[in-house]
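A.B. asks: Below is the structure I would like to discuss, written out as structure tokens.
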Amino acid sequence: MTGRRRPAERRWGLITATGLFTVIPVPPRDEITSSDAEAAINWLPALGALIGSAAGVLGWLTFWFGGSPFLGAVVCVGLFALITGGLHLDGLADTMDALASRKPREAALAIMKRSDIGPMGVLAILFAVLFQVAGVTHVLAVGSLGQVIAVCALAGVIGRLAVVGACAGPNSARSGGFGDIFVGVMSPIQVGAISLAAAFAVVAAATVWTNPVGFYAAALISVAVVAIQHRRLSKRFGGMTGDLFGCLIESGQTFVIVFACLSI
Numbered sequence: 460m461t462g463r464r465r466p467a468e469r470r471w472g473l474i475t476a477t478g479l480f481t482v483i484p485v486p487p488r489d490e491i492t493s494s495d496a497e498a499a500i501n502w503l504p505a506l507g508a509l510i511g512s513a514a515g516v517l518g519w520l521t522f523w524f525g526g527s528p529f530l531g532a533v534v535c536v537g538l539f540a541l542i543t544g545g546l547h548l549d550g551l552a553d554t555m556d557a558l559a560s561r562k563p564r565e566a567a568l569a570i571m572k573r574s575d576i577g578p579m580g581v582l583a584i585l586f587a588v589l590f591q592v593a594g595v596t597h598v599l600a601v602g603s604l605g606q607v608i609a610v611c612a613l614a615g616v617i618g619r620l621a622v623v624g625a626c627a628g629p630n631s632a633r634s635g636g637f638g639d640i641f642v643g644v645m646s647p648i649q650v651g652a653i654s655l656a657a658a659f660a661v662v663a664a665a666t667v668w669t670n671p672v673g674f675y676a677a678a679l680i681s682v683a684v685v686a687i688q689h690r691r692l693s694k695r696f697g698g699m700t701g702d703l704f705g706c707l708i709e710s711g712q713t714f715v716i717v718f719a720c721l722s723i
């Protein structure tokens, strides 16, 4: 963890997170310091909630203006991917290719770093997008605008919450990679505080859900699955990378949408 952040760094947190994790143009920074990285990660779950809410609203509007639930879901999931530049899907694909290789750590990391996508990566993207579209289609078909926003906002938060936890870890799997600047920037206290804020957000979102207990269960199961995934990936690769961050984000997004649509 870095020292106490200056007020300017706190103000830049959301802007830095937006610049690093989306394609939305923001004022450029000359250099991203560890303090900048810490501020950005503090804002990452909130950024995910904003992206998810926007995607949910756009998907619902597509449906409300005469599109089918399927078309609305495609628009919703498409916005998730477009606004992040497809980087998280790319991270998911690279991670699956590296895992499927069954090679030693260094060789697997080399595969992860390559720009091409193998068959397992293609399948990972395909099934992640299909599950997300299918889940959002169901919520659009039977739910309200509030319910669509709730599930999409939660989907944007959970995987990013895992990244917050990962940034409290001491190891980077690959020196000099994108994930390297985030290693150790978060303290357990910060992770706990952000997790508590996320829990309050889940409670608030559950008020619009037909089955609040099911919504809580969807959130808890998704958190547990992504936490296990984070632990196994970190052990397999000896730390975290930017691609592994993307894998966690996409996995959390997919799990939330699937489990939530089963509880509505």
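Each residue of the sequence shown is one higher than the one before, counting from 460 in our numbering.
Cβ atoms here follow ideal geometry from the backbone N, Cα and C, with glycine treated the same way.
#1: Bridge partners for Ser631 per DSSP, in chain order?
#2: Hey, would you say Val623 sits closer than 8 Å to Leu503, going by beta carbons?
#3: Using a Cβ distance threshold of 8 Å, determine whether the region 655-664 contacts the region 705-714, with at least three qualifying pairs required.
#4: On the CB-based measure, 16 or more other CB atoms within 10 Å of its CB, does Leu721 come out buried or exposed?
#5: Do you know how far the Cα of Ala476 is from the Cα of Ile500?
#6: Taking the runs of the alpha helix (DSSP H) that are 4 residues or longer, which of them lie wholly in the region 582-636?
#7: Which word fits Asp495, buried or exposed, when buried means at least 16 other C-beta atoms lie within 10 angstroms of its C-beta?
#8: If I measure Cβ to Cβ from Leu478 and keep anything under 6 Å in the same chain, skipping five residues before and after, which residues do I get?
#9: Take every Cβ of the region 681-697, pair it with every Cβ of the region 613-632, and state whether three or more of those distances are shorter than 8 Å.
#10: Excluding sequence positions up to five away, which residues of its chain have a Cβ less than 7 Å from the Cβ of Gly462?
#11: With a threshold of 6 Å on Cβ separation, who are the neighbours of Ala719 within its own chain once the five nearest residues in sequence on each side are excluded?
#12: Check whether the Cβ atoms of Leu551 and Ala587 lie closer than 8 Å to each other.
#13: Say whether the region 595-602 touches the region 519-532, bearing in mind that this needs 3 or more beta-carbon pairs closer than 8 Å, one atom from each stretch.
#14: Taking the alpha helix (DSSP H) that Val536 falls in, what are its first and last residues?
#15: Excluding sequence positions up to five away, which residues of its chain have a Cβ less than 8 Å from the Cβ of Phe524?
#16: On the three-state DSSP scale, how would you describe Asp549?
#17: Along the chain, where does the alpha helix (DSSP H) that runs through Asp495 open and close?
#18: What's the C-alpha gap between Val533 and Val592?
#19: Report the three-state DSSP secondary structure of Glu709 (helix, strand or coil).
C.D. replies: Let me spell this out:
#1: In the DSSP secondary-structure assignment, Ser631 is bridged to Met699.
#2: It is a contact, given that the beta carbons lie within the stated cut-off.
#3: Judged by Cβ distances under 8 Å, the region 655-664 makes no contact with the region 705-714, as fewer than three pairs qualify.
#4: Burial call: exposed.
#5: Near 7 Å, if we compare the C-alpha coordinates of Ala476 and Ile500.
#6: Taking only runs of at least 4 residues, the alpha helix (DSSP H) segments lying wholly in the region 582-636 are 604-625.
#7: The residue is buried, with at least 16 neighbouring Cβ atoms inside 10 Å.
#8: According to the sequence displayed, residue 478 carries Gly and not Leu. Excluding sequence neighbours, Gly478 sits near Val485.
#9: In the pairwise beta carbon analysis, the region 681-697 is classified as touching the region 613-632: at least three pairs are separated by under 8 Å.
#10: Any reading at Gly462 must be qualified, since the residue scores a pLDDT of 45, below 50, and its modelled position is unreliable; the value itself is stated next. There are no such residues.
#11: Here Ala719 has Val610, Ala677 as same chain residues with Cβ atoms under 6 Å from its own Cβ, once five neighbours each way along the sequence are excluded.
#12: Cβ distance < 8 Å, so Leu551 and Ala587 count as in contact.
#13: At 8 Å Cβ cutoff, the stretches touch.
#14: Residues 528-542.
#15: Excluding residues within five positions, none has a Cβ falling inside 8 Å.
#16: DSSP places Asp549 in helix when its eight states are reduced to three.
#17: Its alpha helix (DSSP H) spans residues 493-523.
#18: Their Cα atoms are separated by approximately 6 Å.
#19: DSSP places Glu709 in helix when its eight states are reduced to three.
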